[in-house]
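In full-length UniProt numbering, the protein residues as written are 1 to 297.
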Amino acid sequence: MDLDDLHIFRTVVREGGVTRAAERLHRVQSNVTTRVQQLEAALGVVLFHREGRRLVLAPAGHLLLGYADRLLDLAEQARAAMHGSEPRGRLRLGSMESTAAARLPGSLARFHVAHPKVQLELRTAPTAALIADVLDGRLDAALVCAPVDTERLDVLPLWQEELVLIAPATQGPMRSARELQTRTLLTFGAGCAYRLRLESWLAAEGVTPERIVEMGSYHAILGCVAAGMGMALVPRVLLSADPQAVLSVHPLGRADHAVATTVLVHRRGAGMPALQALADQLVADTQVVATVSGGTA
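Now the structure itself:
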């Protein structure tokens, strides 16, 4: 078993099969298949179950994937260390969708110009999934909503977000959380930190919503709220990133539920020059925004 074998194996998993993995690796399919079979023979286990032309990761494959991620990450860090402190190589960043839309475009553009040797990959997902991927080595770092309950991560606070309720433009002032009892609430699925904030706020007010509709993007949520389908809880900064939606905005009645801190997390002891450079860029941009606004970003 060598690093090249692990790289091929991981690529097959990520691409969902040999055909796409071969395209990504610029190899012929038969070579990829042979290397996977050789890896299985060397380890004495079955890594994939073959269902026709489809590969399904076996339990041993799931176990190996975690080790492969860590070993390949360490190899990348070793290569970077041999070239000094210059940021280079692949940097896999995760982010909540709202943060990616409203906070990251300018910062990532500046980072891309300043560090052309870094291959940046960005994936959006809810907070719980992002933290799991960082801990399992599938992401190098992620922007998530605090608090982060783990001793295995380093945490860098970046932004304070004000969470607000959004409703159709015709909605009048909201006097009480009980007005949401009969309203449809639009949210992301389980694992979304802002959804947990909404549910916690409503539970504190003794409110159980009659209907929750899960959606996969903030663009869909904003559009459906504007069309009159329901209400949602979003960071206020997101509204400036999508000014086309015609909405009414309503502050929460509970300050302890209305403020959320966005933090950058990565595995403790797994820092590398590219990640440090990104953290420095985000901190610098956060300070600029705070100075311009005269307060906390």
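Glycine included, C-beta positions come from ideal geometry on N, C-alpha and C.
- Using a Cβ distance threshold of 7 angstroms, Val18 and Gln29 count as a contacting pair.
- Per the Cβ contact rule, the segment 233-241 is not in contact with the segment 116-124 (fewer than 3 Cβ pairs under 8 angstroms).
- One thing to note: Ala142 has its Cβ within 7 angstroms of the Cβ of Val134.
- Proximity of the segment 149-157 to the segment 100-112 falls short of the contact definition, fewer than three beta-carbon pairs being nearer than 8 angstroms.
- For Gln37, the enclosing alpha helix (DSSP H) has its first and last residue at 29-43.
- Residue Ser98 holds the alpha-carbon nearest to the alpha-carbon of Gly216 among Gly206, Ser98, Gln171.
- Within a 10 Å sphere around the beta-carbon of Ala101 sit 16 or more other beta-carbons, which makes this residue buried.
- Close CB contacts of Val259 within its chain, under the 8 angstroms cut and outside five residues either way in sequence, are with Gln160, Glu161, Glu162, Leu163 (chain order).
- Within a 10 Å sphere around the beta-carbon of Ala232 sit 16 or more other beta-carbons, which makes this residue buried.
- In this structure, the straight-line span from the alpha carbon of Gly137 to that of Glu86 is close to 22 angstroms.
- Rounded to whole angstroms, the separation of the alpha carbons of Leu222 and Thr170 is 15 angstroms.
- Fewer than three beta-carbon pairs drawn from the segment 271-287 and the segment 184-203 are found closer than 8 angstroms, and the two stretches are therefore not classed as touching.
- As for any alpha helix (DSSP H) of minimum length 4 sitting wholly inside the segment 98-133, the runs are 104-114, ordered along the chain.
- One Cα belongs to His266, the other to Gly230, and the distance between them is close to 36 angstroms.
- In this chain, the beta strand (DSSP E) harbouring Val164 covers 153-168.
- Assignment of Pro251 by DSSP, reduced to helix, strand and coil, places it in the strand class.
- If you look at Thr187, you'll find it in the beta strand (DSSP E) that goes 184-187.
- If you look at Leu143, you'll find it in the beta strand (DSSP E) that goes 141-145.
- Contact between Leu3 and Ala75 holds: their C-beta atoms lie close to 6 angstroms from each other, under 8 angstroms.
- With 16 or more other Cβ atoms from the protein chains shown falling within 10 Å of its own Cβ, Val12 counts as buried.
- Between Arg10 and Leu65 a beta carbon distance of about 7 angstroms is seen, short of the 8 angstroms cut, so the two are scored as contacting.
- Val144 counts as buried, since at least 16 other C-beta atoms from the protein chains shown sit within 10 angstroms of its C-beta.
- Close CB contacts of Pro126 within its chain, under the 6 angstroms cut and outside five residues either way in sequence, are with Phe188, Gly191, Cys192 (chain order).
- Counting along the chain, Leu6 sits inside the alpha helix (DSSP H) bounded by residues 3-15.
- In this chain, Ala270 is not harboured by any beta strand (DSSP E), its DSSP state being neither H nor E.
- The Cβ atoms of Val32 and Ala22 sit closer than 7 angstroms to each other.
- Judged by DSSP secondary structure, Gly52 falls outside any alpha helix (DSSP H); it is assigned neither H nor E.
- Rounded to the nearest whole angstrom, the C-alpha separation of Ala226 and Glu214 is 16 angstroms.
- Within the segment 168-240, the runs of alpha helix (DSSP H) at least 4 residues long that lie entirely inside it are, in chain order, 193-204, 218-226.
- Around the beta carbon of Ala78, a 10 Å sphere encloses fewer than 16 other beta carbons of the protein chains shown; the residue is thus reported as exposed.
- In this structure, the beta-carbon distance from Leu264 to Leu158 falls below 7 angstroms.
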